[in-house]
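Below you'll find the structure, written out as structure tokens, and then a few comments.
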Amino acid sequence: MTNTVKVYVKLFGDSPFIACMDLDMAYREILDPLFVWLGPTGGVIKGCKKAKLTDTGKLMLKSFLKSMSGTYNCAVSYVIIVNDQKVIEYKTFSFLLMGLIFTAYQEPDYTYKVNLRFTTASCTFPINFRAVENLISMIAESIKNVTCKVLEHSHECHVVKAPKLHLQTHLFITFKVIPSGSQRDEECPTNIDCAEEANRHLQKKEGFVNVPKINYVENSLDIGRIDSCRPGYGKNEALHKDCPDCCVSCTTRKTVYVLIPVILNII
């Protein structure tokens, strides 16, 4: 019977330990086990800074990158005692038989949709467009230090009749604030969680409102958070039921399969 398991490794995090054995080996006494792991390129994984190998044949990948995704094969030989005789067994775990294809995933980036209003003298007031552009420029400049940018800004003008107030002309301004992408991880100091730091800054509402010559409508600021994936990643609840909110690499070969091992040779 084939048992299929999906494994998710967070980018820039460590993978779980992957054991080079099956249940039969785990519950038996074995002698002199020798483990050999091969990476996606076919090279032997030994003395690699990005990999940790234990004496019991377990593999852990450190600071996982998307480029590290692929097929990892393991071969093991060991001795068992059968009828007072030493028997050497070999098992090979490969992609077709017991392949481990690691899937890289990311937590969704936070995209913020911002809505706010300003009063103006008239919808035909010449300064309206310039005031909106100045506002967007100031916001873009204020969030540049957390490698975020403003996209899809727009504005509309409407005459509003609020309760117990006279007619007012309002500019309805909408824009999105998004992380700049993978560049953020490269620019952010290694001792800082860049995603959390950026999101913390964005949640400070006062940082978005630098009042221009037109008047800001008090309490009109509304910020909604939207989860988004970086280019090359997406969500697929049907394919990745164990992690429906994960931003998983869109490359289909990154899907993870763990198959029950097969004894290839018994001496």
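The sequence shown lines up with residues 2 to 268 when you count with this note's numbering. For every residue, glycine included, the Cβ atom is placed at its ideal position computed from N, Cα and C. Everything numeric in this text was worked out from a predicted model, so none of it was measured.
Since aspartate 15 and lysine 92 are thought to touch, with beta carbons under 8 Å apart, how far apart are those beta carbons, to the nearest angstrom?
With a Cβ gap of about 26 Å, aspartate 15 and lysine 92 do not count as contacting.
Three-way DSSP call (helix, strand, coil) for valine 77 in this model:
Note: valine 77 maps to strand in three-state DSSP.
Run through DSSP, which three-state label would glutamate 142 get?
In the displayed model, glutamate 142 falls within a helix according to three-state DSSP.
Mind checking threonine 42: buried by the 16 CB within 10 Å criterion, or exposed?
Here threonine 42 is exposed, its C-beta having fewer than 16 other C-beta atoms within 10 Å.
Considering just the uninterrupted stretch of the alpha helix (DSSP H) at leucine 24, what are its terminal residues?
If you look at leucine 24, you'll find it in the alpha helix (DSSP H) that goes 24-27.
What is the DSSP secondary structure of valine 151, reduced to helix, strand or coil?
Correct three-state label for valine 151: strand.
Pull the bridge partners of lysine 47 from the DSSP assignment, please.
Residue pairing by DSSP places lysine 47 in no beta bridge whatsoever.
Determine the closest residue to leucine 117 out of Asn237, Ile81, Tyr217 and Glu238, with distance taken between C-alpha atoms.
With distances taken between Cα atoms, leucine 117 lies closest to Tyr217.
With DSSP as the reference, label isoleucine 128 as helix, strand or coil.
Looking at isoleucine 128 - three-state DSSP - the assignment turns out to be helix.
Taking all protein chains shown into account, do 16 or more other C-beta atoms lie within 10 angstroms of the C-beta of lysine 162, making it buried, or fewer, making it exposed?
So lysine 162 ends up on the exposed side.
Cutoff 6 Å; reference lysine 87; Cβ partners in own chain excluding five residues on either side
Counting only Cβ-Cβ distances below 6 Å, and skipping sequence neighbours, we find Val80.
Backbone CA spacing between methionine 69 and valine 45 [nearest angstrom]:
Counting only the Cα atoms, valine 45 lies some 14 Å from methionine 69.
Is glutamate 238 buried or exposed, if buried means 16 or more other CB atoms sit within 10 Å of its CB?
The residue in question, glutamate 238, is exposed, as its Cβ has fewer than 16 Cβ neighbours within 10 Å.
Does the distance from the CB of serine 155 to the CB of isoleucine 140 come in under 9 Å?
Contact check for serine 155 against isoleucine 140 fails: the beta carbons are separated by 9 Å or more.
Contact check, leucine 60 vs isoleucine 19 under 8 Å by CB: the rounded distance?
At roughly 5 Å, the Cβ-Cβ gap stays under 8 Å, so leucine 60 and isoleucine 19 are in contact.
Checking 9 Å against the spacing of the C-beta atoms, do cysteine 75 and glycine 48 come in under that value?
No, these two residues do not count as a Cβ contact at 9 Å.
So, with DSSP's three-state summary, where would you put lysine 11?
In this structure, lysine 11 counts as strand in the three-state DSSP scheme.
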